[in-house]
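Asks: Every number in the working numbering is 35 more than the matching position in the sequence shown, counting from 1.
Would you mind keeping the following structure in view while I ask a few things?
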Amino acid sequence: QVTLLPEHVFLNLQGYGAVQATSGGTGPNNVSTLSRQNSTQNYSYSASPYARNKFGDIGTAEVGGAVAYTSQSGQGSPYFAPQNANQNQNMTSTAEHAAFTSGPALGRMVVNALGSATQMNGTGVLRNAYRNIATMELGYAVTRSITILATGGYENIRYNTLPTFRVNDAIWQVGVRWTPNPDSSVTLRYGHQDGFDAVKFDGSYAVTARLRLYGRYSEGVSTGLESLQSAVASSVLDPLGNPVDPATG
Numbered sequence: 036q037v038t039l040l041p042e043h044v045f046l047n048l049q050g051y052g053a054v055q056a057t058s059g060g061t062g063p064n065n066v067s068t069l070s071r072q073n074s075t076q077n078y079s080y081s082a083s084p085y086a087r088n089k090f091g092d093i094g095t096a097e098v099g100g101a102v103a104y105t106s107q108s109g110q111g112s113p114y115f116a117p118q119n120a121n122q123n124q125n126m127t128s129t130a131e132h133a134a135f136t137s138g139p140a141l142g143r144m145v146v147n148a149l150g151s152a153t154q155m156n157g158t159g160v161l162r163n164a165y166r167n168i169a170t171m172e173l174g175y176a177v178t179r180s181i182t183i184l185a186t187g188g189y190e191n192i193r194y195n196t197l198p199t200f201r202v203n204d205a206i207w208q209v210g211v212r213w214t215p216n217p218d219s220s221v222t223l224r225y226g227h228q229d230g231f232d233a234v235k236f237d238g239s240y241a242v243t244a245r246l247r248l249y250g251r252y253s254e255g256v257s258t259g260l261e262s263l264q265s266a267v268a269s270s271v272l273d274p275l276g277n278p279v280d281p282a283t284g
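Structural data, given as structure tokens:
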């Protein structure tokens, strides 16, 4: 992460590369060595400039963009034919976003607004695909530990499937956040996004000073390359240089 203007303008650069088993699991007799016919090389690179400004106790605003390239490639094999059908893929994407998060000036109210647009181009279903989303979440702290949440918005999604997959639909969610102590937060939501209704759960609970439990569940529409790209973009490095989730480690 490069600071271009202290406290305001930043540039985030990320790169990732790894080899994984095309078929998943291990080879005969639990042999973990991968043959050329059962290995897939993953790459993901991104550059994300963004600007952030805090308006006192009113809130914080951020605008930014991203350019990314992600690919999967490997040698095919008749034995692994089902997996190799989607083995050689690539995607280039550009994205823009604007977000606002309210501060303590609103008292018990919390406002989170987000507008994002992602343009994708690549192999298969990713050719001329896009995802545009605008949402606003309102929260009200009923007590010190319980906050009621409500979200509304709109989405426009397209994938180059046969027939073409399109979603032009409203987004809505209702939920509750429980914060029993400063080190714990549990959020449960139910709503409509990506064209269908689903439950979302995200929880972190500190059992003791040294023991913490995490749990996550969600459903959505995406592709393998999108999932890889978003996971890399939201990851940080641990002390050993491994990419990890910043919330769970």
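Yeah, the Cβ is synthetic: ideal placement off N, Cα and C, and Gly gets one too.
Kindly indicate the opening and closing residues of the beta strand (DSSP E) around A134.
Replies: Residue mapping note: residue 134 aligns to position 99 of the sequence shown, counting from 1. Here the beta strand (DSSP E) through A134 covers 124–137.
Asks: For P278, which residues does DSSP report across the bridge?
Replies: Against the sequence shown, residue 278 aligns to sequence position 243. Bridge partners of P278: L272.
Asks: In angstroms, rounded to a whole number, what distance separates the CA positions of V37 and G100?
Replies: Start at 1 with the first residue of the sequence shown, and residue 37 comes out as number 2. Start at 1 with the first residue of the sequence shown, and residue 100 comes out as number 65. If I take the Cα positions, the gap works out to 15 Å.
Asks: Taking DSSP as the reference, what is the three-state secondary structure of V177?
Replies: Taking the first residue of the sequence shown as position 1, residue 177 is located at position 142. If DSSP states are grouped into helix, strand and coil, V177 belongs with coil.
Asks: I'd like the list of long-range same chain contacts for Y19, defined as Cβ closer than 6 Å, with 5 residues on each side in sequence excluded.
Replies: The question about residue 19 has no answer, for the chain in this structure spans 36 to 284.
Asks: Under a three-way DSSP split, which group does Q55 fall into?
Replies: Within the sequence shown, the letter at position 20 stands for residue 55. Q55 falls in the strand class under three-state DSSP.
Asks: Between which two residues does the beta strand (DSSP E) holding L39 run?
Replies: Walking along the sequence shown from the start, residue 39 turns up at place 4. L39 -> beta strand (DSSP E) spans 37–40.
Asks: Find the nearest neighbour of L173 within the set Q107, V54, A185, judged by alpha-carbon distance.
Replies: The count along the sequence shown starts at 1 and reaches residue 173 at position 138. Of Q107, V54, A185, the residue nearest in Cα terms is A185.
Asks: The ligand HEM and Q154: does the residue's C-beta get closer than 6 Å to at least one heavy atom of that ligand?
Replies: Looking for the ligand HEM in the displayed structure turns up nothing, as the structure carries no ligands at all.
Asks: Round the Cβ separation of A164 and R193 to the nearest angstrom and send it over; I've been treating them as touching at under 8 Å.
Replies: Position 129 of the sequence shown, counted from the start, is the residue given in the question as residue 164. Position 158 of the sequence shown, counted from the start, is the residue given in the question as residue 193. Confirmed, about 6 Å.
Asks: Return the CA-CA distance between M171 and V98, expressed in angstroms with no decimal places.
Replies: Taking the sequence shown and counting its residues from 1, the one referred to as residue 171 is at position 136. Taking the sequence shown and counting its residues from 1, the one referred to as residue 98 is at position 63. Distance between the alpha carbons of M171 and V98 is about 16 Å.
Asks: Could you check the C-alpha separation between D229 and G91 for me, to the nearest Å?
Replies: For the purposes of this step, residue 229 is identified with residue 194 of the sequence shown, where counting begins at 1. For the purposes of this step, residue 91 is identified with residue 56 of the sequence shown, where counting begins at 1. Roughly 35 Å separates the two Cα atoms.
Asks: Report the three-state DSSP secondary structure of A244 (helix, strand or coil).
Replies: Translated into positions along the sequence shown, residue 244 becomes position 209. A244: coil per DSSP, three-state reduction.
Asks: Across which residues does DSSP place R166 in a beta bridge pair?
Replies: Position 131 of the sequence shown, counted from the first residue, corresponds to residue 166. DSSP lists T153, I192 as partners of R166.
Asks: Suppose the cutoff is 7 Å on Cβ atoms and the five residues either side in sequence are ignored; what does the same chain contact list for K89 look like?
Replies: As a working mapping, residue 89 is identified with position 54 in the sequence shown. Same-chain partners within the cutoff: T95.
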